[in-house]
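Asks: For reference, the structure I am asking about is given below.
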Amino acid sequence: MSPAATLERLADRVREEGPPLAVADGSSFGSPSLGDLVAAGPRTGDRGADYAFVVEAVREGYLCHYGSPRVLEAADQDLALLAGDLFYAIGISGLAQLDDLESTGILS
């Protein structure tokens with residue numbers, strides 16, 4: 018999966034949630050560099066794209082709380098905080114689906 022596809026997959030997840038969340042213009046997504054690094058790691062095997070998605074979901078949650086989200090359209094502060102929690106939950110859920118109990122335990 019290409020780096021851009023990782024963030025587009027995350028944007029699709031936001032679209033599934035629907036209003037009041039909205040996806041930003043795709044040109045502002047930026048680089049999913051952390052996801053790329055994880056995907057290339059020794060523990061990911063053939064599931065690199067799924068691990069990249071997990072990392073970028075958690076990162077997007079962080080950006081909603083403390084920075085400028087890449088995937089989420091600008092929202093008020095309260096909505097951004099809730100969206101950040103949602104992205105973090107998406108990431109942890111994705112990690113649990115990978116049956117990576119060690120990593121899930123560390124992040125939970």
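Positions 18 to 125 (the working numbering) are the ones given, in order, by the sequence shown. Even for Gly, the Cβ is constructed at its ideal location relative to N, Cα and C. Small disclaimer: the values here were computed from a predicted structure and weren't measured.
At which residue ranges does the segment 92 to 118 contain complete alpha helix (DSSP H) runs of 4 or more residues, listed in the order of the chain?
Replies: Taking only runs of at least 4 residues, the alpha helix (DSSP H) segments lying wholly in the segment 92 to 118 are 94 to 114.
Asks: When the Cα of residue 103 is compared with those of 94, 34, 21, 23, which residue comes out closest?
Replies: It is 34.
Asks: State buried or exposed for residue 108, treating a residue as buried only when at least 16 other CB atoms are found within 10 Å of its CB.
Replies: Buried, since its Cβ has 16 or more Cβ neighbours within 10 Å.
Asks: Beta-carbon within less than 6 Å of residue 101's beta-carbon, same chain only, minus the 5 sequence neighbours each way: which residues are those?
Replies: Counting only Cβ-Cβ distances below 6 Å, and skipping sequence neighbours, we find 78, 81, 82.
Asks: If you draw a straight line from the C-alpha of residue 56 to the C-alpha of residue 121, how long is it?
Replies: Distance between the alpha carbons of residue 56 and residue 121 is about 16 Å.
Asks: Which residues mark the beginning and the end of the alpha helix (DSSP H) in which residue 72 is found?
Replies: Note, residue 72: alpha helix (DSSP H), 65 to 83.
Asks: Note down the Cα distance separating residue 40 from residue 28, rounded to an integer number of angstroms.
Replies: Each residue's alpha carbon lies about 6 Å from the other.
Asks: In this structure, does DSSP put residue 55 in helix, strand or coil?
Replies: If DSSP states are grouped into helix, strand and coil, residue 55 belongs with the helices.
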